[in-house]
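Chains as they are written, first to last, in my numbering: chain A, 1327 to 1628; chain B, 1327 to 1628; chain C, 1327 to 1628; chain D, 1327 to 1628.
Glycine is no exception: its CB is placed at the ideal position from the N, C-alpha and C atoms.
To keep things clear, I will list the structure first and then write my remarks on it.
Protein chains: 4
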Amino acid sequence: MSLDIKKIGLLANLGKPGVHTVLHQAVEAIISRGLEVYVDEQTVRSTGLEVTADPGFSLEKPDCDMWLVFGGDGTMLNAARHLLHSPHPVLGINLGRLGFLTSVNPDGLCEAMDMLLRGEFRIENRSMIRASGPVISDHHPEGMIALNDLVLSRVDATRMIEIRVRVNGQLLTDYRCDGLIVSSPTGSTAYSLAAGGPIVHPGAEVFTVTPICPHTLSNRSVILGLDSRIEVTSLSSTPPAMLTSDGQESCEMEPNRTIVITRAENPLRLIQLKGHQYFNTLRQKLQWSGLHNDPGGAGECQ
Amino acid sequence: MSLDIKKIGLLANLGKPGVHTVLHQAVEAIISRGLEVYVDEQTVRSTGLEVTADPGFSLEKPDCDMWLVFGGDGTMLNAARHLLHSPHPVLGINLGRLGFLTSVNPDGLCEAMDMLLRGEFRIENRSMIRASGPVISDHHPEGMIALNDLVLSRVDATRMIEIRVRVNGQLLTDYRCDGLIVSSPTGSTAYSLAAGGPIVHPGAEVFTVTPICPHTLSNRSVILGLDSRIEVTSLSSTPPAMLTSDGQESCEMEPNRTIVITRAENPLRLIQLKGHQYFNTLRQKLQWSGLHNDPGGAGECQ
Amino acid sequence: MSLDIKKIGLLANLGKPGVHTVLHQAVEAIISRGLEVYVDEQTVRSTGLEVTADPGFSLEKPDCDMWLVFGGDGTMLNAARHLLHSPHPVLGINLGRLGFLTSVNPDGLCEAMDMLLRGEFRIENRSMIRASGPVISDHHPEGMIALNDLVLSRVDATRMIEIRVRVNGQLLTDYRCDGLIVSSPTGSTAYSLAAGGPIVHPGAEVFTVTPICPHTLSNRSVILGLDSRIEVTSLSSTPPAMLTSDGQESCEMEPNRTIVITRAENPLRLIQLKGHQYFNTLRQKLQWSGLHNDPGGAGECQ
Amino acid sequence: MSLDIKKIGLLANLGKPGVHTVLHQAVEAIISRGLEVYVDEQTVRSTGLEVTADPGFSLEKPDCDMWLVFGGDGTMLNAARHLLHSPHPVLGINLGRLGFLTSVNPDGLCEAMDMLLRGEFRIENRSMIRASGPVISDHHPEGMIALNDLVLSRVDATRMIEIRVRVNGQLLTDYRCDGLIVSSPTGSTAYSLAAGGPIVHPGAEVFTVTPICPHTLSNRSVILGLDSRIEVTSLSSTPPAMLTSDGQESCEMEPNRTIVITRAENPLRLIQLKGHQYFNTLRQKLQWSGLHNDPGGAGECQ
């Protein structure tokens, strides 16, 4: 992959332990390679970075060629929403455990920088999703955007919500449940997994619709093409619900309201360094293996 | 089964449609069989029953031989907690759909009465469960009692709770989840089922411990003998949680608190008329059948 | 949709009860509309149809404009494999229960014919999948083709198989299990569903990989884009396994062999009449509804 | 716990690597503590043990006070069936990975011996289960006995079996499936777990009935008290099935046959040394933890 990199934007979760040290190392690594840093004033002030903050710093119309995002997966989720209209690719540096979205460890920062400059990477287009509708547009004129998932959940912990889901104008089914998760491919390993959903490769172009504690014997996820138009309606009988984007932004949803979920127009452009394997991260983070976890008994007879 | 029935107590969910008519029929059926009615003043006043309310009416020390409970399963759950110290058996009359706990339809009331008098019934002891601990005793000196389940759930819809479960003093595991359900046998078809738990026959003497949306690939229920002592501790890192009994009574639970769940000392004594079959109710309410729901394809080849 | 229909091919499962009557009605309906029938000699002889069988009848290079397939979903699965190189679309007439693939009831045959001629239909491209490799090519030079699923299963009912799955050259994971299902979108409601897999809309361009009884606590399906190359290898330690296509054709697989599963080059072109809704069939066949199956208890309190 | 131990019986899986060395160590440990060894001739001959085999060696009427079983869990399953009528307790020494039933490592053998003599152990009664019926009695006059599970499975890998389950004379449901697992508490971590069943504490007095790939949207296990009488009938429409006990002994089951599964009259009396914790083994063998497997995303926001 080739990308003409001259100026690198920095976005950091300033609350993470160790973020100051890593940012200093990053600035050093960038400048020593003859590149420029694009950073906002708060980050400079808070961390004492010896660079000049860009006075016109902007996430929507940034003046840089790519972004480095420092934090956990939550930091990247937050960044992704704000970078929706920015065409520049993003590389995540994790400041804690290995992340699905922040795949580079801080001590691999210099090597990562060299790989970037040598073009040893590829860009994954991670589809983002959008909820729109009257209930949302008051506070989010553009709708609510998510990289992982849009979740409709109950507010009152003792009452189920009742919702109807339509796909491309056709009734899918009604749910009486604690909530409903509409997940992007990227989000399959987040809340959807906890609710029993399948593992979806980021390259599979699908929504995963997973009910949370549906009051039926059947609790399967439904997989829909990413070009589907998913309408979720709160039935008249339902107590109020809440719509949450990536576990970070919320708005209330009264009975008899409808939201429409579609693919967002732009994806997050995630940089993956050469050698990165999605399934490795999956197995490592989820301690997943079909072979080594032996429940014993049948099959290992005398 | 033989039971010397002279006076029948009435407990009704006065908010249910049709309750007035059914209560009048019940009183008529009771009195015409030479039996007495035991009822509180609010029920008499609200429904215009032509009987005298018992001035010393009490759920704890009732002056009757058995109870008729009119309503849905929720009504019976509520009654069961209040009748914990009452040794008298209970028959449920459903005022809506067939219930797991309210198995008699209103139009079967007279026949049910005759069956009772002919001894054509048996009494099922339905184990109840109790949560105790400092967090609870302020408001519930006797602990929180449940016939279905005790549920620890998150309050903030965007933050998981972190809890540790110990069984008879031994660590079971730690959970990072939306909540945890500790269910009695009776409660297996309620919230536990929605969270993916197994179907437990009411006669199986077990707790079912089921995490709600645990953030792992593994989400199995754990089945424990009813003589187990289950300690649930909110870890220091957790946001506040809420403990709810049968979806009806709640109390908050801060971090670093422990509750202890055990079998309650008395069961609910549920009357089942001759011919009642638990699995029939199960199949009917859950529309459950392994044979008729044919997903097609494999196995029905040319 | 417009399709120039002059000659209609007939394919029937001659073993199904009622097939003779329906075929006679079909021929009558076709001829009375001025169209021709394309049929093989065995069908004519076996059913006494008053048409002339085509001497050069062929599935690979058929001389017709579309096919009517009479039978169950299994009949359609069988037909689909044989029609792989035929570009003509197919309409399924079910001779029993409603099918996912055979959506027209026999008594709707005349109306269906009229809708076809009026262009009131659309054609769904149902992706088919293919397994290839040395183990297969002996008996199936073109590989094994499936519309629903390719299933690797154990032969010895008391010994698990051990397999490795690689996706686009990267290790997914190793499985110790009873078997592995690689399902097309169409096949998600067949064996994959029985093994716990999600419901996949036929328009979602994905494989679903679902282990059968994997010996781990984790048993999630994995969803992969249909352009993936899935390699399944039987490990050296495994007992012999069997590969089956749509539950209909099989071949053995010894240890240390690898098969490659990809999308087949041509889809089945399935005719759906106007008004057909996939989710209706889904709810009807699976008796699926999130709202009506009420497990009672929590949430419907007094 | 106190047990008067003078003579210790040895049972070993002679095919396991390292068994000879461990047996020599065991004999040395036993004799040096002034105890006697009870062993059969094949074991003595095969391993060159310097003890005299007991000429009247018998599993049914053994002349010893307890047994040491050397092998894996499969070895213990095999031993348990043969020791059904022996009242003597059993301690398992694993010759490979930690087992659920073989909890002592070979290098802990001497310490284990001392703990036994000091009474630092307890005996767990592990309920065994029994299948009886005409289909079985030909080859197994006493029925088929299992410590883990009795499994009915299909013989033909492309055809489902159809069975009916009755509990205490009442219809549970009919299943169309690959098989059915009836598991003891001990067996919950074996095949039942692979088929999606819950984790059952060995002290919970229940059967777990788990269908294998049932062709419905609902696939829950059913938990029944161990005093239940479970009848499993192969329906007239089913292809032949196979009944297997602990994955080790099998017999065929034609259509229209019924087997009855009940608790066996005697349990396995399993010795657990002081300090042994069931849940530790569970977490270790299943790599199970609700807390550490973090799927990321929601909840760990900025």
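Checking 8 Å against the spacing of the C-beta atoms, do residue i and residue j come in under that value?
i: LEU1473 (chain A); j: SER1510 (chain A); result: yes
i: VAL1481 (chain A); j: PRO1581 (chain A); result: no
i: THR1484 (chain C); j: SER1560 (chain D); result: no
i: ILE1487 (chain A); j: CYS1503 (chain A); result: yes
i: MET1441 (chain A); j: PRO1415 (chain A); result: no
i: ARG1456 (chain B); j: ALA1590 (chain B); result: yes
i: LEU1435 (chain B); j: GLN1368 (chain B); result: no
i: ILE1585 (chain B); j: SER1458 (chain B); result: yes
i: MET1402 (chain C); j: THR1428 (chain C); result: yes
i: LEU1498 (chain A); j: PHE1605 (chain C); result: yes
i: GLU1531 (chain D); j: LEU1552 (chain D); result: yes
i: LEU1421 (chain A); j: PHE1396 (chain A); result: yes
i: ASP1475 (chain C); j: ARG1490 (chain C); result: no
I need the straight-line Cα distance from residue i to residue j, nearest angstrom please.
i: ASP1389 (chain D); j: THR1542 (chain B); result: 49 Å
i: SER1571 (chain A); j: LEU1349 (chain C); result: 55 Å
i: GLN1598 (chain B); j: ILE1538 (chain A); result: 34 Å
i: LEU1617 (chain C); j: ALA1520 (chain A); result: Note that LEU1617 (chain C) scores 44 on pLDDT, short of 50, meaning its location in the model is unreliable; the coordinates nonetheless yield the value given after this. If you take the alpha carbons of LEU1617 (chain C) and ALA1520 (chain A), they lie about 22 Å apart.
i: ASP1380 (chain A); j: VAL1548 (chain B); result: 56 Å
i: ARG1609 (chain B); j: VAL1535 (chain D); result: 16 Å
i: GLU1450 (chain D); j: LEU1594 (chain D); result: 8 Å
i: LEU1596 (chain D); j: GLY1418 (chain B); result: 44 Å
i: VAL1345 (chain B); j: LEU1329 (chain B); result: 27 Å
i: ILE1471 (chain B); j: ARG1407 (chain B); result: 6 Å
i: ALA1438 (chain C); j: ARG1444 (chain C); result: 10 Å
i: GLY1495 (chain D); j: GLU1557 (chain D); result: 8 Å
i: THR1512 (chain D); j: LEU1506 (chain C); result: 27 Å
i: PRO1413 (chain A); j: PRO1540 (chain A); result: 39 Å
i: GLY1522 (chain B); j: ARG1546 (chain D); result: 8 Å
i: LEU1410 (chain A); j: PRO1467 (chain A); result: 14 Å
i: ILE1462 (chain A); j: SER1554 (chain A); result: 20 Å
i: LEU1317 (chain B); j: TYR1517 (chain B); result: Nothing about residue 1317 (chain B) can be reported from this structure: the residues present for chain B run from 1327 to 1628 only.
i: GLY1573 (chain C); j: PRO1528 (chain C); result: 19 Å
i: VAL1363 (chain C); j: GLU1376 (chain C); result: 11 Å
i: LEU1612 (chain A); j: VAL1430 (chain A); result: 18 Å
i: GLY1335 (chain D); j: GLU1578 (chain C); result: 44 Å
Give me whichever residues DSSP pairs with residue i in a beta bridge.
i: CYS1577 (chain D); result: D:LEU1569
i: CYS1390 (chain D); result: According to DSSP, CYS1390 (chain D) bridges with nothing at all.
i: SER1514 (chain B); result: Answer by DSSP bridge pairing: none, since SER1514 (chain B) is not bridged.
i: GLU1450 (chain C); result: C:LEU1596
Mind listing the chain A neighbours of residue i? Cutoff is C-beta to C-beta under 9 Å, in chain order.
i: ASN1606 (chain B); result: Within chain A, no residue comes near ASN1606 (chain B); the closest Cβ sits about 16 Å away, beyond 9 Å.
Name the chain B residues whose beta carbon is nearer than 7 Å to that of residue i?
i: ASN1545 (chain A); result: GLY1522
i: PRO1413 (chain A); result: Per Cβ cutoff of 7 Å: no residues; PRO1413 (chain A) is ~30 Å from chain B at best.
Under the three-state reduction of DSSP, which class applies to residue i: helix, strand or coil?
i: ILE1331 (chain C); result: coil
i: CYS1436 (chain C); result: helix
i: ARG1555 (chain C); result: coil
i: MET1402 (chain D); result: helix
i: MET1441 (chain B); result: helix
i: ALA1530 (chain C); result: coil
i: LEU1337 (chain D); result: strand
i: ALA1457 (chain B); result: strand
May I ask you to check if the CB of residue i is nearer than 7 Å to at least one heavy atom of the ligand ATP?
i: ARG1555 (chain B); result: The ligand ATP is absent from the structure shown, which contains no ligand whatsoever.
Run down chain B in chain order and give the residues with a C-beta less than 9 Å from the C-beta of residue i.
i: ALA1530 (chain D); result: ALA1530, GLU1531, VAL1532, PHE1533, ILE1549, LEU1550, GLY1551, LEU1552 and SER1554
Along chain C, in chain order, which residues have C-beta atoms closer than 7 Å to that of residue i?
i: GLN1603 (chain A); result: GLN1496
So with CB distances below 8 Å, who are the chain D contacts of residue i?
i: ILE1525 (chain B); result: ARG1546, SER1547, VAL1548 and ILE1549
(request) With 8 Å as the limit, tell me which residues of the segment 1451-1467 of chain C have their beta carbon closer than that to any beta carbon of chain G; keep them in chain order. (result) Any reference to chain G falls outside this structure, whose protein chains are A, B, C and D.
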